[in-house]
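J.: Before anything else, here's the structure in question.
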Amino acid sequence: MPITYEHSPRPVGGPISFSLDGDRLTVDSGRRVSEVRLGAVEQVRMTFEPGRFAQKAYRTRVTMKDGKAFAFSSLNWRSLVEAREQGPEYRAFTQSLFEAILRANPDARFAAGKSWPVWLITSALGIASLIAMAILIWRAFQTGATNIAVLGTLFALVGIWQIEPMVRLNKPRPFDPRSPPKELLPRS
1 MPITYEHSPR PVGGPISFSL DGDRLTVDSG RRVSEVRLGA VEQVRMTFEP
51 GRFAQKAYRT RVTMKDGKAF AFSSLNWRSL VEAREQGPEY RAFTQSLFEA
101 ILRANPDARF AAGKSWPVWL ITSALGIASL IAMAILIWRA FQTGATNIAV
151 LGTLFALVGI WQIEPMVRLN KPRPFDPRSP PKELLPRS
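Positions 1 to 188 (the UniProt record's numbering) are the ones given, in order, by the sequence shown.
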C-alpha cells in the first residue's frame, strides 16, 4: 500500500501530493504528475526553514542525478495568514522516503543543514548584526540615550531568538538515513 503525504507549499496555489510505492515516488502538483525513480536520487538535504508565521518549519529537498529536484515541508498553508504544522505526517513520510531511497540507491548522499557557503554567510551576517547591536547599545548608554539602549536590547534579543536556531540547526553535516537528525524532524 502506498505511503502518502500532501501539503500546500505556498499561501496561494494548490496542494502537492506525494505517493511512495516501493522504489517509485509519484509527485502530483495538480497541473502535472511526475514519477520519480528513487534509484536516480543523488542527494537528500534536510533543513530548518523558519517561516513568516511559523517558528518551526522543516524542509526536505531531493536532488536527482540529472539535476532535477523537488522539495516538501512540514507546513501546510491554508491561506495567506494560516499555516498548519504537519509534524507527525511529515516525520513518518520522510523516514519512509529515506528508507526507500537507501534501498533503491545505497550511494545517495544524505545531508543535514544548508551548504557550507550558505551556512557560513548566514552565521557571519548573524554575528555581524549582533555585534552592531551591541555597539549601538553601548554607545546609547554612553550618551545617555537609555530609551535607544533598551530598544536596541529588545531588538538584539529578538534577533538572537530568530537567528540562533537557523545557525545551530542548519550546520552542514551528513546523516545516516536510518537515523535522521531528530532536531530536523518535528515532534510526533
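Where is the CB? At the ideal position from N, CA and C, for every residue including glycine. All figures in this text were calculated on a predicted structure; none of them were measured in a lab.
With the cut-off set at 8 Å, would you say residue 73 and residue 49 are in Cβ contact?
T.: One-based indexing of the sequence shown puts residue 73 at position 73. One-based indexing of the sequence shown puts residue 49 at position 49. In this structure, residue 49 lies closer than 8 Å to residue 73 by Cβ.
J.: Can you name, in chain order, every residue of its own chain whose Cβ lies under 7 Å from the Cβ of residue 171, other than the five neighbours on each side?
T.: Residue mapping note: residue 171 aligns to position 171 of the sequence shown, counting from 1. Taken in chain order, the residues that qualify are 113 and 119.
J.: Does the beta-carbon of residue 94 have 16 or more other beta-carbons within 10 angstroms, so that it is buried, or is it exposed?
T.: Residue 94 sits at position 94 when you count from the first residue of the sequence shown. Only buried fits residue 94, as 16 or more other CB atoms lie within 10 angstroms of its CB.
J.: Which runs of the alpha helix (DSSP H) at least 4 residues long sit entirely within the stretch 32-112? Give them in chain order.
T.: Entirely contained in the stretch 32-112, the alpha helix (DSSP H) runs reaching 4 residues are, in chain order, 87-104.
J.: Determine which residues share a DSSP beta bridge with residue 21 and list them.
T.: As a working note, residue 21 is residue 21 in the sequence shown. Residue 21 is bridged to 24.
J.: Leaving aside the five residues before and after residue 4 along the sequence, list all residues of the same chain whose C-beta is less than 6 Å from its C-beta, in chain order.
T.: In the sequence shown, the residue the question calls residue 4 occupies position 4. Excluding sequence neighbours, residue 4 sits near 19.
J.: Residue 209: which of 183, 177 and 159 sits nearest, CA to CA?
T.: As shown, the chain starts at 1 and ends at 188. That puts residue 209 outside it, with no answer to give.
J.: May I ask which residues mark the beginning and end of the beta strand (DSSP E) holding residue 183?
T.: Walking along the sequence shown from the start, residue 183 turns up at place 183. Run containing residue 183: none; DSSP gives neither H nor E here.
J.: Quick one, which of 129, 6, 174 and 178 has its alpha-carbon nearest residue 86's?
T.: For the purposes of this step, residue 86 is identified with residue 86 of the sequence shown, where counting begins at 1. Selected option, being the one with the closest Cα: 6.
J.: How many angstroms separate the CA atom of residue 37 from the CA atom of residue 129?
T.: Locating residue 37 in the sequence shown gives position 37, where the first residue counts as 1. Locating residue 129 in the sequence shown gives position 129, where the first residue counts as 1. Distance between residue 37 and residue 129, taken at the CA atoms: about 44 Å.
J.: Span of the beta strand (DSSP E) holding residue 4?
T.: Counted from its first residue, the sequence shown places residue 4 at position 4. Where residue 4 is concerned, the enclosing beta strand (DSSP E) stretches over 3-7.
J.: So who's on the other strand from residue 16, going by DSSP bridges?
T.: Numbered from 1 along the sequence shown, position 16 holds the residue referred to as residue 16. Beta-bridge partners of residue 16 (DSSP): 7.
J.: Can you find the residues in the same chain that come closer than 6 Å, C-beta to C-beta, to residue 8, ignoring five residues on each side of it along the sequence?
T.: In the sequence shown, residue 8 corresponds to position 8, counting from 1. Only 15, 76 and 77 meet the Cβ criterion.
J.: How about residue 92 and residue 41: are their beta carbons less than 8 Å apart?
T.: Taking the sequence shown and counting its residues from 1, one reaches residue 92 at position 92. Taking the sequence shown and counting its residues from 1, one reaches residue 41 at position 41. Going by C-beta atoms, residue 92 is not nearer than 8 Å to residue 41.
J.: Who pairs with residue 139 in a beta bridge, going by DSSP?
T.: In the sequence shown, the residue the question calls residue 139 occupies position 139. DSSP, once it has assigned bridges, lists no residue as partnering residue 139.
J.: Determine the direct distance from the alpha carbon of residue 31 to that of residue 99, and round the result to whole angstroms.
T.: If you number the sequence shown from 1, residue 99 lands on position 99. If you number the sequence shown from 1, residue 31 lands on position 31. Whole-angstrom Cα-Cα distance: 28 Å.
J.: Can you give the beta carbon distance from residue 137 to residue 149, rounded, assuming they're within the 8 Å contact cut?
T.: In the sequence shown, residue 137 corresponds to position 137, counting from 1. In the sequence shown, residue 149 corresponds to position 149, counting from 1. That pair is a contact at about 5 Å.
J.: Using a Cβ-Cβ cutoff of less than 8 Å, which residues in the same chain neighbour residue 162 once the five nearest sequence positions on both sides are dropped?
T.: Position 162 of the sequence shown holds residue 162. Excluding positions up to five away in sequence, the list reads 50.
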